[in-house]
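In my numbering, the protein residues as written are 3 to 362.
For each residue, glycine too, the CB sits at the ideal point set by N, CA and C.
Read the structure below first, then the notes.
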Ligand SMILES: C[S@@+](CC[C@H](N)C(=O)[O-])C[C@H]1O[C@@H](n2cnc3c(N)ncnc32)[C@H](O)[C@@H]1O
């Protein structure tokens, strides 16, 4: 029998070499054999008509949803934010910007509902932005790498899963410290997000990701159909790794911009908060408010969210004073509460806008 290599099969079938290897290891190709580290495939073999080939057909109608869990994710209060989408979005408002994109709950809602001419997203988290970029530009390759991780991880015993998790975490940190933003770091970013404790992203003083393993029994690591849907939605989106202020030249009077910065920590006093998650202290909240007011003068349609200091201190008017020229709505959200014995509870959050929106 004559054989071909995975490279030759990849060229013949129009799929990546990694995908050919995955199909071989799943016994989907009759007669494929491993020789050393190479797959040999009978020349007479035909490309398997597997679930993946169906998944890669156009799926215009499939809604895309966030591909990671993210601290401060907005899925919880999406309904409230939706009520503040400006009228005219998708017709006279043809551009959308989300400069603190994180997991992008609002982004994917908007991309699934409106036809827009231009969309801009950014975040300072380099690995997050690298992952968005790979999903947009090479989803099949990313899916292949991630699927291999899923297939390696899920069948393992608890102890072996633990060893695998920490090996992947080390690998991620090695690539991160070498600034190696290859497809592997994007796949590892999703793998760690799906398997770590609560989907947290936290780094130590040296920038190393240090979240321990989570305890999910059967995590979905490679949600192929959603990654493909996300990829389709991101095709014409500008994805920027950088500070929110880099959006200045993009945002104009035809733009709806949603700002979801790291929330101001709740405190019992009304004094300035100089320590905050992601280093986003009160000075930075003040700078952001100034930036939003500049964009307001340009005629952009703006919504911003933040925590409500009045949850813990009725006399803390920090945001009421900062955004006194804009409209502030207080909404109720279900959030994890950081105190002993507390689980989730309802807290008030702020939705600030420069047009008030039409609240249903
Ligand atoms: C509250 S989260 C956004 C959550 C997002 N709305 C969601 O649904 O997942 C804030 C994000 O801002 C990013 N960030 C922090 N400082 C930033 C800055 N100066 N410019 C842009 N992004 C920043 C963080 O990396 C984080 O992803």
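Q. Do the CB positions of residue 31 and residue 37 come within less than 7 Å of each other?
A. no
Q.
Between the region 206–216 and the region 228–238, can you find at least three pairs of beta-carbon atoms closer than 8 Å?
A. no
Q.
Using the Cβ count rule (16 or more neighbours within 10 Å means buried), how would you classify residue 174?
A. buried
Q: Could you check the C-alpha separation between residue 237 and residue 325 for me, to the nearest Å?
A: 35 Å
Q: Compute the beta-carbon to beta-carbon distance between residue 100 and residue 191, rounded to the nearest angstrom, for a pair I have assumed lies under 8 Å.
A: Residue 100 to residue 191, Cβ: 19 Å. No contact.
Q. Do residue 280 and residue 267 have their C-beta atoms closer together than 7 Å?
A. no
Q: Verify whether the separation of the beta carbon atoms of residue 297 and residue 253 is less than 7 Å.
A: yes
Q.
Helix, strand or coil for residue 44? Go by DSSP, reduced to three states.
A. strand
(Q) ligand 1 and residue 15: does any heavy atom of the ligand fall closer than 6 Å to the residue's C-beta? (A) no
Q: Ignore the nearest five residues each way along the sequence and tell me which others in residue 15's own chain have a CB closer than 8 Å to its CB.
A: Setting aside the 5 residues that flank it on each side, residue 15 is surrounded in the same chain by 22, 49, each with a C-beta closer than 8 Å to its C-beta; the list follows chain order.
Q) Bridge partners of residue 125, per DSSP? A) 243
Q: Give the secondary structure of residue 216 by DSSP, where H, G and I count as helix, E and B as strand, and everything else as coil.
A: coil
Q. Which residues mark the beginning and the end of the alpha helix (DSSP H) in which residue 107 is found?
A. DSSP places residue 107 inside the alpha helix (DSSP H), whose first and last residues are 107–115.
(Q) Tell me whether residue 335, by its Cβ, gets closer than 6 Å to a heavy atom of ligand 1. (A) no
Q) Between the C-alpha atoms of residue 3 and residue 33, what's the straight-line distance to the nearest angstrom? A) For residue 3 and residue 33, the distance between alpha carbons rounds to 10 Å.
Q: Could you check which residue in 198, 197, 220, 171 has the C-alpha nearest to that of residue 209?
A: 171
(Q) Looking at the strands, I want to know which residues DSSP matches up with residue 305. (A) 260, 355
Q) Pairing CB atoms from the region 125–143 with CB atoms from the region 186–201, are three or more of them under 8 Å? A) Three or more Cβ pairs closer than 8 Å define a contact, and the region 125–143 meets that threshold against the region 186–201.
Q: Under the assumption that residue 102 contacts residue 261 (Cβ atoms under 8 Å), give the Cβ distance between them as a whole number of angstroms.
A: 6 Å
Q. Quick one: what's got a C-beta closer than 7 Å to residue 13's C-beta in the same chain, skipping five residues either side?
A. none
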